[in-house]
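**Q** Quick note, our numbering runs 102 ahead of the 1-based positions in the first sequence.
No residue lacks a Cβ here, since even glycine has one placed at the ideal position from N, Cα and C.
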Amino acid sequence: MVIPHRIAEEFRQNLLNWGRNNLINYPWRKNRTPYRVLVAEILLHRTRAEQVVPLYNSLLSKCPNIFSLAAMDIEELRRLLRSAGLRWRVDLMHRMARMIVDEYGGRIPERKEDLMELPGVSEYIASAVMCFAYGHPEPLLDTNTVRIAGRVFDIEIKDSSRRSKKMRELMRSLLDIEKPDIFNYAMIDFGKKVCRKRDPDCIICPLQICSYRRRFAGTLVKK
DNA sequence: ATCCAGAGGA
DNA sequence: TCCTCGGGAT
């Protein structure tokens, strides 16, 4: 699935323009050190962002850097993050912190291959750190961004599409090379606020080339 | 009941 | 290329 350059550019500019006034101001978007981005992305793993905010703040006050996280008592860490569920994720995060201290002297790797060697870190979290912390133009495939691409370009989306290489190349062709972080934030927030999974707000959608919109509008008229 | 800024294991 | 993990919000 190749998107014509002009269509991709139009999509890119429309999305960036929407993001200009609609990006959400999460705490992990303010001071984007590699450690803070990494911790946030792990907490955001299959967990709603609004639910992560208080946990992220309390975790960072307890563990302001990778060394304090690696030295943190595992039981205390489990208690701190209990309400987020996915308890095994806490153990992976702790193992990850110790590995970064032991093998990288406490510096978060800047190579994607190195990041993906860390426990609990795979394609998405590695790409997020590369983009948001280090400024590299990596596309992000998550539940929001894949859904948007599927609707806008009329591609059938399965749960496995997040790991699809073709979908990744499509997302890369849409990505804004100059502002990859803003583009990815805009994609995530647009998927959350407008192009929602349930009840998408097609009325205010600034993107004009979506086939899903036409189908949805049709059902609205019938009603 | 369904879904959530996915990753690990089979 | 399947499936499971998890508490919490809607």
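1. Suppose the cutoff is 8 Å on Cβ atoms and the five residues either side in sequence are ignored; what does the same chain contact list for E215 look like?
2. When burial is assigned at 16 or more other CB atoms within 10 Å of the CB, is I168 buried or exposed?
3. Among residues of its own chain, excluding the 5 on either side of R315, which ones have a beta-carbon nearer than 6 Å to its beta-carbon?
4. Which ranges does the alpha helix (DSSP H) cover as unbroken runs of at least 4 residues, wholly within the region 148 to 211, from first to last along the chain?
5. Starting from the C-beta of S224, find all residues in its chain whose C-beta is less than 7 Å away, skip the five residues before and the five after it, and write them out in chain order.
6. First and last residue of the alpha helix (DSSP H) that includes L118?
7. Since C312 contacts V296 with CB under 8 Å, what's their CB separation in whole angstroms?
8. By the 10 Å Cβ neighbour count, where 16 or more other Cβ atoms means buried, how is R249 classified, buried or exposed?
9. Return the residue from the list I257, E240, G207, M269 that minimises the CA-CA distance to Y287.
10. Should N127 be labelled buried (16 or more other beta-carbon atoms within 10 Å of its own) or exposed?
11. Would you kindly report the start and end of the unbroken alpha helix (DSSP H) that includes R138?
12. Rounded to a whole number of angstroms, what is the C-alpha to C-alpha distance between L182 and D283?
13. With burial defined as no fewer than 16 other Cβ atoms inside 10 Å of the residue's Cβ, what is the status of R189: buried or exposed?
14. Going straight from the alpha carbon of K299 to that of E178, what length do you get?
15. What did DSSP end up calling V223 once you bin it into helix, strand or coil?
16. Out of N123, E205, I259, M195, state which residue places its alpha-carbon closest to the alpha-carbon of D100.
**A** Here's the rundown:
1. Position 113 of the first sequence, counted from the start, is the residue given in the question as residue 215. Around E215: no qualifying Cβ.
2. Within the first sequence, residue 168 is the residue found at index 66, counting from 1. It is buried - the Cβ of I168 has at least 16 other Cβ atoms within 10 Å.
3. As a position in the first sequence, residue 315 is number 213, starting the count at 1. The answer, listed in chain order, is C304.
4. Taken in chain order, the whole alpha helix (DSSP H) runs of length 4 or more contained in the region 148 to 211 are 151 to 164, 168 to 173, 176 to 182, 189 to 206.
5. Within the first sequence, numbered from 1, the residue matching residue 224 stands at position 122. Cβ neighbours of S224 beyond the five flanking positions: M218.
6. Here residue 118 corresponds to residue number 16 of the first sequence, with the count starting at 1. Where L118 is concerned, the enclosing alpha helix (DSSP H) stretches over 107 to 124.
7. Residue numbering aside, residue 312 sits at position 210 when the first sequence is read from its first letter. Residue numbering aside, residue 296 sits at position 194 when the first sequence is read from its first letter. C312 to V296, Cβ: 11 Å. No contact.
8. Position 147 of the first sequence, counting from 1, holds the residue named residue 249. With 16 or more other Cβ atoms within 10 Å, it is buried.
9. Position 185 of the first sequence, counted from the start, is the residue given in the question as residue 287. Among I257, E240, G207, M269, the Cα nearest to that of Y287 belongs to E240.
10. Here residue 127 corresponds to residue number 25 of the first sequence, with the count starting at 1. Label assigned to N127: exposed.
11. Taking the first residue of the first sequence as 1, we reach residue 138 at position 36. Per DSSP, the continuous alpha helix (DSSP H) segment holding R138 begins and ends at 136 to 145.
12. Counting from one through the first sequence, the residue named residue 182 turns up at place 80. Counting from one through the first sequence, the residue named residue 283 turns up at place 181. Cα to Cα, L182 sits roughly 29 Å from D283.
13. Here residue 189 refers to the residue found at position 87 when the first sequence is read from its first residue. Looking at its Cβ environment, which holds fewer than 16 other Cβ atoms inside 10 Å, R189 is exposed.
14. In the first sequence, residue 299 corresponds to position 197, counting from 1. In the first sequence, residue 178 corresponds to position 76, counting from 1. Taking the straight line joining both Cα atoms gives about 36 Å.
15. Position 121 of the first sequence, counted from the first residue, corresponds to residue 223. DSSP places V223 in coil when its eight states are reduced to three.
16. Any question about residue 100 goes unanswered here, given that the chain covers just 103 to 325.
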